[in-house]
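Heads up, the thing below is written out as structure tokens.
There are 4 protein chains.
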Amino acid sequence: MSRNVLISGYEVFGNNTMNPSLELIHCLDGEVIDGRRICTVEVPVNRHTCFETMEKAIKAYQPELIICTGLADGRTGISIERTAVNVADFPVPDNAGYLALNETLEEGGPAAYFATIPIRNIMTAIREEGIPAYISNTAGTYCCNLLMYRTLHYISKNNLGIPAGMIHLPFLPQMAADMNMVPASMDLTHMVDAIKTAVHTALADPLDRAVICGACQ
Amino acid sequence: MSRNVLISGYEVFGNNTMNPSLELIHCLDGEVIDGRRICTVEVPVNRHTCFETMEKAIKAYQPELIICTGLADGRTGISIERTAVNVADFPVPDNAGYLALNETLEEGGPAAYFATIPIRNIMTAIREEGIPAYISNTAGTYCCNLLMYRTLHYISKNNLGIPAGMIHLPFLPQMAADMNMVPASMDLTHMVDAIKTAVHTALADPLDRAVICGACQ
Amino acid sequence: MSRNVLISGYEVFGNNTMNPSLELIHCLDGEVIDGRRICTVEVPVNRHTCFETMEKAIKAYQPELIICTGLADGRTGISIERTAVNVADFPVPDNAGYLALNETLEEGGPAAYFATIPIRNIMTAIREEGIPAYISNTAGTYCCNLLMYRTLHYISKNNLGIPAGMIHLPFLPQMAADMNMVPASMDLTHMVDAIKTAVHTALADPLDRAVICGACQ
Amino acid sequence: MSRNVLISGYEVFGNNTMNPSLELIHCLDGEVIDGRRICTVEVPVNRHTCFETMEKAIKAYQPELIICTGLADGRTGISIERTAVNVADFPVPDNAGYLALNETLEEGGPAAYFATIPIRNIMTAIREEGIPAYISNTAGTYCCNLLMYRTLHYISKNNLGIPAGMIHLPFLPQMAADMNMVPASMDLTHMVDAIKTAVHTALADPLDRAVICGACQ
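Residue numbers (my numbering), protein chains in the order written: chain A, 1 to 217; chain B, 1 to 217; chain C, 1 to 217; chain D, 1 to 217.
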């Protein structure tokens, strides 16, 4: 077995000047957690090429765990996605200028996949560190959902058995500081610690303990 | 064919003294839209019996269209649900005091179903009447999602071919007027008009036209 | 005594195509409440002329009560303003393209005036009708605050003793229906009823009863 | 002159287990900024004693600058208050169980005081460091507003000429991590850096430069 963990981040998109998920993978690349090496991949915000980049990384690193990360505007904490749906319905064009409208991601694919990482345990473990976190019931219908869906579909179709999921990040403070509406934000250090905890939890404790989840949004 | 349309609403639950979906079905019951009779059913907020009530109504009315409705705290407009997921993960107990934690709704069922009503056309038609509406990407993990999922599963499993979906409603003004935080609300008249428009649109125009959906949440 | 009540509304501004306060005064003009005639005035969204328009109306109608109304983006209910401050600090230019930055409204004037209408009783009376309402602690620093401040200053300086205040209104549903973010809104009928109740309460019950105000924002 | 700067923080109150303003003064006490010593005072959340504690600290330290700090639920950034009003209207009881309802703070006092620190320059300087900040137009009607009002009134009445203001802080991450609704939060390090910048700016640059303030809330 490879002893690799793959973490993806996205390039900058839209009106943003940074992407917290890109900063995150720069911080995590090459780290070792519980004996596994963290490998990272920067994914384009592109309807047609983002999963291809991921697929190459999966083939190159043969990971035993995959966590996709991305920015979600206005989130107030680390949000661990429960579900990816078989649709692309973009609120804004991707970085190539393409606006997907109600498109099916995989013809004949299931309507949705659930994350195969222990989302509830990850939420609990991150909160126990003092970092705000919750389970999110929608990853949207933009590129993050697309990457999560197609990654889970690829793993399923090829019987790879790799646990995988998507974790959305809030704005970085320096991004929020440039915006008039001043959205919620989170320090990069906390994001890095949260993702390390997610990796550790997913490796150590793959089955969700039954605990009350008042924190789903 | 029956020439019936079935619309469900929920009983009052939690700390609420009313439920807009219950008021709504009282207003709509017996109405005729495009030659179809509106039949309604009041569904209990109960993990174990809510779908049974719906199933009886489906058998009794043999509807050609089903629209479930329910209250979603804090929504600012009519929200047409895109997806129902195969999970019950309750933020609060149901009316029988039961708290579902990360339960599968249908063993062996798909992770999700998409609504089979034209959600985009419905949103557009309601907005064209001057009533706020948007497509919602999550129906939550409480009873509304449960009812939507199990209704779509029942239709699928039995090859009934009935278009079905779920539409969430904001608080009524008189509910918001009793709350210190003063959440968003909508007049019952607008809700009734919106659901009539949804019925008309689903009957007349079952295929979604490709229009830009900037209003998904 | 004149037996007149003066209610102001604002013209359309910014990106909006309507202004609920303008629709409101069209509905109320000429109505009779508790024996008083409702007189109305449309005020320009203009740093330099909005109060002049109000002053002319005060001289013409000699009202025994003045209620200014205006639109406040994103409010979820009728919001009765507590305070107007001696500053113009515009988030966007006025309708003449003028952007006031940290300007004093009245040199030598007090930092603020409190509304001289019974804000708490008005809130309670509107809520008792089933219409969402709350006390707002800031009227902002745009034209609405300006009009409220200069009206109260004019009344004070000239010892007119006319009770006066400002009530902010949410978006109308048809405005929210055109916006992607779908802000909270309120039906015009409810706004009209709420302002009638405010007039009645201010005429009948000028002293605020001591009740718990959990609804201040 | 004393070469002291006085910064106040509040004790824990309500359902909270921490108060960021208390953590903040523990971090800042004894620091030296631009040759001034930072003196701090912990103020009780008490209608009747909070200002007395402040008054003693003013007499003891003879500061050349006063910045009050406190927690404001749900704020997304450092919020620099523009105004304090002559009213106590508590949403919840204070730590002694006292619920002030529409009480005047100072009989015969002005309706409001403006902060006498350069709020706009402070906002700009904090943002230039990459920390979210904005000007707030209401400090509420609880103890923070009370402390700001009475401090400015005391300075004015006694002709002390000390610049003074109030800066509200978001929740700390570890507080938000314990809450189901997951409100916005900010790291303590950023709060400390922001208040240091506020002190430096108020000492160096007492007159507000005219810059566009799109970030007022």
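Every residue gets a Cβ at the ideal spot worked out from N, C-alpha and C, and that includes glycine.
Just so it is clear, the structure is predicted and the values come from calculations on it, not from any experiment.
Spatial neighbours of residue i in its chain, beta-carbon cut-off 6 Å, leaving aside the 5 residues before and after
{"i": "residue 139 of chain B", "result": "81, 84, 145, 148 and 166"}
{"i": "residue 5 of chain D", "result": "36, 38, 63, 65 and 199"}
{"i": "residue 126 of chain C", "result": "78, 133, 194 and 197"}
{"i": "residue 171 of chain A", "result": "183 and 185"}
{"i": "residue 10 of chain B", "result": "19, 21, 43, 45 and 70"}
{"i": "residue 179 of chain A", "result": "none"}
{"i": "residue 50 of chain B", "result": "43, 44, 143 and 147"}
Nearest-angstrom Cβ-Cβ length linking residue i and residue j, presumed shorter than 8 Å
{"i": "residue 45 of chain A", "j": "residue 102 of chain A", "result": "About 19 Å; that fails the 8 Å criterion."}
{"i": "residue 99 of chain A", "j": "residue 69 of chain A", "result": "That pair is no contact at about 24 Å."}
{"i": "residue 74 of chain A", "j": "residue 184 of chain A", "result": "6 Å"}
{"i": "residue 131 of chain B", "j": "residue 193 of chain B", "result": "6 Å"}
{"i": "residue 111 of chain B", "j": "residue 113 of chain A", "result": "6 Å"}
{"i": "residue 8 of chain D", "j": "residue 43 of chain D", "result": "5 Å"}
Close beta carbons around residue i, own chain, < 7 Å, minus the five adjacent residues each side
{"i": "residue 91 of chain C", "result": "142"}
{"i": "residue 136 of chain D", "result": "79, 80, 81, 82, 168 and 217"}
{"i": "residue 89 of chain D", "result": "100, 101, 102 and 141"}
{"i": "residue 105 of chain D", "result": "86, 87, 88, 146, 149 and 150"}
{"i": "residue 173 of chain D", "result": "185 and 187"}
{"i": "residue 55 of chain C", "result": "154"}
{"i": "residue 53 of chain A", "result": "41, 43 and 44"}
{"i": "residue 109 of chain B", "result": "86 and 153"}
{"i": "residue 76 of chain A", "result": "132, 170 and 184"}
{"i": "residue 93 of chain C", "result": "99"}
{"i": "residue 14 of chain C", "result": "92"}
Where residue i falls, given that 16 or more other Cβ within 10 Å makes a residue buried
{"i": "residue 21 of chain D", "result": "buried"}
{"i": "residue 19 of chain A", "result": "buried"}
{"i": "residue 17 of chain C", "result": "exposed"}
{"i": "residue 63 of chain C", "result": "buried"}
{"i": "residue 60 of chain D", "result": "exposed"}
{"i": "residue 175 of chain A", "result": "buried"}
{"i": "residue 189 of chain A", "result": "exposed"}
{"i": "residue 181 of chain A", "result": "exposed"}
Nonlocal neighbours in the same chain, by C-beta distance under 8 Å from residue i, ignoring five residues either side
{"i": "residue 27 of chain C", "result": "188 and 192"}
{"i": "residue 229 of chain D", "result": "Given that chain D is displayed from residue 1 to residue 217, the structure contains no residue 229 of chain D and the question cannot be resolved."}
{"i": "residue 115 of chain D", "result": "80, 81, 82, 83, 84, 148, 152, 164, 165 and 166"}
{"i": "residue 67 of chain B", "result": "5, 6, 7, 8, 117, 164, 165, 166, 167, 195, 198, 199 and 202"}
{"i": "residue 129 of chain D", "result": "193, 194 and 197"}
{"i": "residue 97 of chain D", "result": "none"}
{"i": "residue 48 of chain D", "result": "96 and 98"}
Neighbouring residues, chain F, relative to residue i (Cβ below 7 Å)
{"i": "residue 137 of chain D", "result": "Here chain F cannot be found, since the structure's protein chains are A, B, C and D."}
**Message:** At a CB distance below 7 Å, what residues from the segment 11-29 of chain B approach chain C? Give them in sequence order.
**Reply:** none
**Contact the segment 150-163 of chain C vs the segment 117-137 of chain B: 3+ CB pairs below 8 Å** = no
**Asked** Which residues, in chain order, does the segment 96-115 of chain C contribute to contact with chain D at a C-beta distance below 9 Å?
**Response** 99, 101, 102, 110, 111, 112, 113 and 114
**Prompt:** At a cut of 8 Å, does the segment 193-209 of chain A reach the segment 33-43 of chain A through at least three beta carbon pairs?
**Reply:** yes
**Request:** Quick one: which residues of the segment 140-163 of chain A get their C-beta closer than 8 Å to a C-beta of chain B? List them in chain order.
**Result:** 140 and 141
**Request:** Closer than 9 Å, Cβ to Cβ, to anything on chain A: give me those residues from the segment 173-191 of chain D, in chain order.
**Result:** 173, 174, 175, 176, 177, 178, 179, 180, 181, 182, 183, 184, 185, 186, 187, 189 and 190
**Message:** Output needed in chain order: residues of the segment 78-96 of chain D with a Cβ under 7 Å from some Cβ in chain C.
**Reply:** 83, 85, 89 and 91
**Request:** Could you please tell me which residues of the segment 113-134 of chain B, in chain order, have their CB closer than 8 Å to any CB of chain A?
**Result:** 113, 114 and 120
**Prompt:** In chain order, what residues of the segment 53-80 of chain B put their CB closer than 8 Å to some CB of chain C?
**Reply:** 76 and 77
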